[in-house]
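Enquirer: Below are the structure tokens for one structure; questions will follow.
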Amino acid sequence: MMINKYRIFNKVKNKYVEDVVVDDFHKTLCQPAITPDGKLVALYYDEIYDVLPNTYLVEYSTGLLDTNKIEIFDGDIIKKENIYYKYYEKVYYDRELACWCAGKNDTLSNITNLEVVGNIHQNPELLNEGAEY
Numbered sequence: 005m006m007i008n009k010y011r012i013f014n015k016v017k018n019k020y021v022e023d024v025v026v027d028d029f030h031k032t033l034c035q036p037a038i039t040p041d042g043k044l045v046a047l048y049y050d051e052i053y054d055v056l057p058n059t060y061l062v063e064y065s066t067g068l069l070d071t072n073k074i075e076i077f078d079g080d081i082i083k084k085e086n087i088y089y090k091y092y093e094k095v096y097y098d099r100e101l102a103c104w105c106a107g108k109n110d111t112l113s114n115i116t117n118l119e120v121v122g123n124i125h126q127n128p129e130l131l132n133e134g135a136e137y
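Given below as structure tokens:
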């Protein structure tokens with residue numbers, strides 16, 4: 005059985021978090037969990053609660069490591085380079101191809117010499133830098 009690893013990004017605070025908040029009134033920090041249908045929920049003692057809507061984004065691990073042994077997640081920005089060029093791409097899951105990609109249908113498993121340099125939330129400007137030849 006494969007265990008899905010994930011990280012949680014708080015869109016309001018613009019940072020990755022370990023805990024989630026159930027509602028604005030209680031502000032109780034709870035342990036996050038993913039239901040079998042992929043929904044993010046909060047665990048508080050033996051109860052399951054919905055989290056604040058439109059606040060959190062779940063990003064799953066690709067199961068791959070970059071050249072520095074950093075785990076690559078959905079939403080990461082990677083630097084791809086070889087002797088001819090260097091450019092930046094966002095990592096995403098392509099449902100049509102059923103695999104992790106970076107760029108236009110460039111599957112992660114086919115890319116060598118890639119390095120995580122940021123993520124789409126905190127470093128979107130990296131995608132605007134374009135290719136260097």
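Read in this note's numbering, the sequence shown has 84 at position 80, and its numbers run on one by one without any break. For every residue, glycine included, the Cβ atom is placed at its ideal position computed from N, Cα and C.
(1) If contacts are defined as beta-carbon pairs under 8 Å, then Lys-94 and Ala-102 qualify, I think. What distance do you get, rounded to the angstrom?
(2) Which runs of the beta strand (DSSP E) at least 3 residues long sit entirely within the stretch 20 to 104? Give them in chain order.
(3) Could you check what DSSP says for Asn-127 in three-state terms: helix, strand or coil?
(4) Between Val-25 and Leu-47, what straight-line distance do the alpha-carbon atoms span, to the nearest angstrom?
(5) What do you get for Pro-36, buried or exposed, if any count of 16 or more other CB atoms within 10 angstroms of its CB means buried?
(6) CB-CB under 7 Å to Ile-115, same chain, minus the five flanking residues each way: which ones, in chain order?
(7) Buried or exposed: which applies to Ile-12, given that a residue is buried once 16 or more other Cβ atoms fall within 10 Å of its Cβ?
(8) So, under 8 Å CB-CB, Ile-82 and Val-121 are touching, yes? Tell me the CB distance rounded to an integer number of Å.
(9) Give me the DSSP bridge partner(s) of Ile-12.
(10) Based on the DSSP secondary-structure assignment, which residues constitute the bridge partners of Glu-107?
(11) Out of Tyr-92, Leu-118, Leu-130 and Leu-61, which one is the CA nearest neighbour of Asn-14?
Expert: The short version:
(1) Reading the sequence shown from its first residue, position 90 is the one you call residue 94. Reading the sequence shown from its first residue, position 98 is the one you call residue 102. Not a contact, Cβ separation roughly 18 Å.
(2) 33 to 38, 44 to 48, 51 to 54, 60 to 69, 75 to 77, 80 to 85 and 90 to 98
(3) Residue 127 sits at position 123 when you count from the first residue of the sequence shown. Coil, per DSSP.
(4) If you number the sequence shown from 1, residue 25 lands on position 21. If you number the sequence shown from 1, residue 47 lands on position 43. Cα to Cα, Val-25 sits roughly 10 Å from Leu-47.
(5) As a first step, residue 36 must be located in the sequence shown, where it is residue number 32. That one is buried.
(6) Translated into positions along the sequence shown, residue 115 becomes position 111. Around Ile-115: Lys-84 and Ala-106.
(7) What you label residue 12 is simply residue 8 of the sequence shown in a count that begins at 1. With 16 or more Cβ atoms within 10 Å of its Cβ, Ile-12 is classed as buried.
(8) Here the question's residue 82 lines up with position 78 in the sequence shown. Here the question's residue 121 lines up with position 117 in the sequence shown. At roughly 7 Å, the Cβ-Cβ gap stays under 8 Å, so Ile-82 and Val-121 are in contact.
(9) Locating residue 12 in the sequence shown gives position 8, where the first residue counts as 1. Looking at the DSSP assignment, Ile-12 forms a beta bridge with Val-21 and Val-62.
(10) As a first step, residue 107 is located in the sequence shown; it is residue number 103 there, counting from the start. For clarity, residue 107 is Gly in the given sequence; the question names Glu instead. None; Gly-107 has no bridge partner.
(11) By one-based count along the sequence shown, residue 14 stands at place 10. Among Tyr-92, Leu-118, Leu-130 and Leu-61, the Cα nearest to that of Asn-14 is on Leu-61.
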